[in-house]
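All the letters of the sequence shown, read from the start, carry residue numbers 24 to 80 under the numbering used here. Step one of this worksheet: look at the structure below.
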Amino acid sequence: MLGGCLELNPEDGEIRYRDSLLLLSAEAPPDMLRAFVATTLRNALTHCADALFESAA
Numbered sequence: 024m025l026g027g028c029l030e031l032n033p034e035d036g037e038i039r040y041r042d043s044l045l046l047l048s049a050e051a052p053p054d055m056l057r058a059f060v061a062t063t064l065r066n067a068l069t070h071c072a073d074a075l076f077e078s079a080a
């Protein structure tokens, strides 16, 4: 499970991922974990980009 938050600095557009925690199960296949992490980060970045564009409008 991946938890944490993205922080966006609107002044310079810098995005940071903070307070993340990744709990791995020894039974989970590595490909599944990679896909989960990639999907989670993609979704978080998409949400962050959407919020940035909305605030700029």
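Even glycine gets a Cβ: it sits at the ideal position worked out from N, Cα and C. Quick caveat: nothing in here was measured; it's all calculated off a predicted structure.
Problem set entry | Limits of the alpha helix (DSSP H) - the one that P53 falls within | Judged by DSSP secondary structure, P53 falls within the alpha helix (DSSP H) whose first and last residues are P53 to A79.
For this session: Look up E30 in the DSSP assignment and say whether it is helix, strand or coil.
Result: Reduced to three states, the DSSP call for E30 is strand.
Problem set entry | In DSSP terms, what E37 is bridged to | Answer by DSSP bridge pairing, in chain order: N32.
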